[in-house]
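Peer 1: Take 2 as the starting number for the sequence shown in the working numbering and just add one per residue.
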Amino acid sequence: MDGTVGAGGHAAGILEASQPGGLLLGLDVDPQALALARQKLAPFGERAWLKKASYTRIPEQIALLGWEAVDGILLDLGASSMQFDSPARGFSFLADGPLDMRFDPDAPLTAAEIVNTWPEQELAALLYRYGEEPAARRIARAIVQARPLRGTLALAALIERTIGRRGPRHPATRTFQALRIAVNGELDALETALPRAVQVLAPGGRLAVIAFHSLEDRLVKEFFRRESRDCLCPPRQPVCTCGHKATLREIVRRPITPTEEEIAHNPRARSARLRIAEKI
2 MDGTVGAGGH AAGILEASQP GGLLLGLDVD PQALALARQK LAPFGERAWL
52 KKASYTRIPE QIALLGWEAV DGILLDLGAS SMQFDSPARG FSFLADGPLD
102 MRFDPDAPLT AAEIVNTWPE QELAALLYRY GEEPAARRIA RAIVQARPLR
152 GTLALAALIE RTIGRRGPRH PATRTFQALR IAVNGELDAL ETALPRAVQV
202 LAPGGRLAVI AFHSLEDRLV KEFFRRESRD CLCPPRQPVC TCGHKATLRE
252 IVRRPITPTE EEIAHNPRAR SARLRIAEKI
């Protein structure tokens, strides 16, 4: 299963590696991505199944196909290059577009609603929690004073005027990340999906997760560490009372990172962190 199938690149690689009989279910909430994936995976015929659904619905989607378990699950988190490169989606601060940022165009919450209606204190808390933005309060105050903000360039320019620019990273990077995570409920979805993914893995099956920022990677690391232990009781407790049994074995203790060659070929991969665990 590819729970974030995107344009189908990873899915095509999985299908090629699992020839001749491997089957793949690809999920995504973005209909534009699914349309591209269908084109990409057409040569594989009925070996590839694509559904518009969130990866939080993994067990239900597996059941709909009549599958009891899968041998591997991939989650490639965050927004895709396709989404960043489309100004109309509102993910990028490098081109003018609406303050949207929804993976699923049918979802009710947009970045515009957060930016233009949320109270200053809630907005600051969101920027600090999801963007790890040290200037969260200053940015939130500036946003509230400048309302209404209509587009991505207007928001990015406001942030740059508010906190200035230092180093190569655009000052709006953390704010845009925080808004996107909030709009799509990304961290909540990941917390929900990880145990459900383990639930449908066959023994010996592997779960691979690619994260692009510390919040996601920390969730995955902590889940893998927790599920690879037989007891979760406090260290000083003499007898185990939790009854927890390990469900996973970590394949890598440290995340796999891209090589310099890969970063040169795909600069957006520079922050990628891949973790892998195997079901016991």
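Beta carbons: idealized from backbone N, C-alpha and C, even for Gly.
Looking at the secondary structure, which residues open and close the beta strand (DSSP E) in which I302 lies?
Peer 2: One cannot answer for residue 302 here, as it falls past the ends of the chain, which runs 2 to 281.
Peer 1: So, at 8 Å on beta carbons, what are the nonlocal neighbours of P204 in its own chain, with the 5 sequence-adjacent residues on each side left out?
Peer 2: K280 and I281.
Peer 1: DSSP on E134, reduced to helix/strand/coil?
Peer 2: DSSP places E134 in coil when its eight states are reduced to three.
Peer 1: Go ahead and label S81 buried or exposed: buried means 16 or more other beta carbons lie within 10 angstroms of its beta carbon, across all protein chains shown.
Peer 2: So S81 counts as buried.
Peer 1: Relative to the alpha-carbon of H11, which residue among Q178, L37 and G168 has its alpha-carbon at the smallest distance?
Peer 2: Looking at the Cα atoms, L37 is the closest of the given residues.
Peer 1: What residues in its chain sit with their C-beta under 8 Å from that of E161, if we drop five residues either side in the sequence?
Peer 2: Cβ neighbours of E161 beyond the five flanking positions: H171, P172 and A173.
Peer 1: Using 8 Å as the threshold, is the C-beta distance between L95 and L156 below it?
Peer 2: Not in contact: L95 and L156 (Cβ atoms no closer than 8 Å).
Peer 1: What did DSSP end up calling V240 once you bin it into helix, strand or coil?
Peer 2: Of the three classes helix, strand and coil, the one that applies to V240 here is coil, per DSSP.
Peer 1: Mind reading off the beta-carbon distance from I115 to L124? Whole number of angstroms is fine, and I expect it under 8 Å.
Peer 2: Their Cβ separation, rounded to whole angstroms, is 7 Å, which keeps I115 and L124 in contact under 8 Å.
Peer 1: For the alpha helix (DSSP H) that V201 lies in, which residues bound it at each end?
Peer 2: Start and end: E187 to V201.
Peer 1: Please state the DSSP three-state secondary structure of K41.
Peer 2: Here K41 sits in helix by DSSP.
Peer 1: Rounded to the nearest angstrom, how far is the Cβ of M83 from that of A141, given a contact under 8 Å?
Peer 2: Contact flag wrong, Cβ pair sits at about 30 Å.
Peer 1: Considering D29, what are the terminal residues of the beta strand (DSSP E) in which it resides?
Peer 2: Taken as a continuous stretch (DSSP letters only), the beta strand (DSSP E) holding D29 covers L25 to D29.
Peer 1: Buried or exposed for S215, please, with buried defined as at least 16 other CB atoms from any protein chain shown within 10 angstroms of its CB.
Peer 2: Exposed, since its Cβ has fewer than 16 Cβ neighbours within 10 Å.
Peer 1: In three-state terms, what does DSSP make of A54?
Peer 2: In this structure, A54 counts as coil in the three-state DSSP scheme.
Peer 1: For P256, I'd like the list of residues in its chain whose CB is within less than 7 Å of its CB, leaving aside the five on either flank, ordered along the chain.
Peer 2: Correct list, in chain order: D218, R274, L275 and R276.
Peer 1: Which residues in the same chain as E251 place their Cβ atom closer than 7 Å to its Cβ, once the five residues preceding and following it in sequence are excluded?
Peer 2: So the list reads F225, S229 and A278, once near-sequence residues are dropped.
Peer 1: Leaving out the 5 sequence neighbours to the left and right, which residues in its chain are closer than 6 Å to V357 when beta-carbon positions are compared?
Peer 2: There is simply no residue 357 to check, as the chain begins at 2 and stops at 281 in what is shown.
Peer 1: What number of angstroms, rounded off, separates the C-alpha of T163 from the C-alpha of P135?
Peer 2: Roughly 13 Å between the two C-alpha positions.
Peer 1: So, with DSSP's three-state summary, where would you put L95?
Peer 2: In the structure shown, L95 sits in coil (DSSP, three-state: anything other than H, G, I, E or B).
Peer 1: What residue from A112, D231, G132 and K246 has the CA that sits closest to F213's CA?
Peer 2: Per the Cα distances, G132.
Peer 1: Give the list of continuous alpha helix (DSSP H) stretches no shorter than 4 residues that lie fully inside the region 221 to 274.
Peer 2: List check, alpha helix (DSSP H) in window: 261 to 266.
Peer 1: On the DSSP letters alone, give me the boundaries of the alpha helix (DSSP H) that R151 sits inside.
Peer 2: It is not in any alpha helix (DSSP H) - R151 carries neither H nor E in the DSSP assignment.
Peer 1: Determine the burial state of G91: buried for a count of at least 16 other Cβ atoms within 10 Å of its Cβ, exposed for fewer.
Peer 2: Buried: at least 16 other Cβ atoms inside 10 Å.
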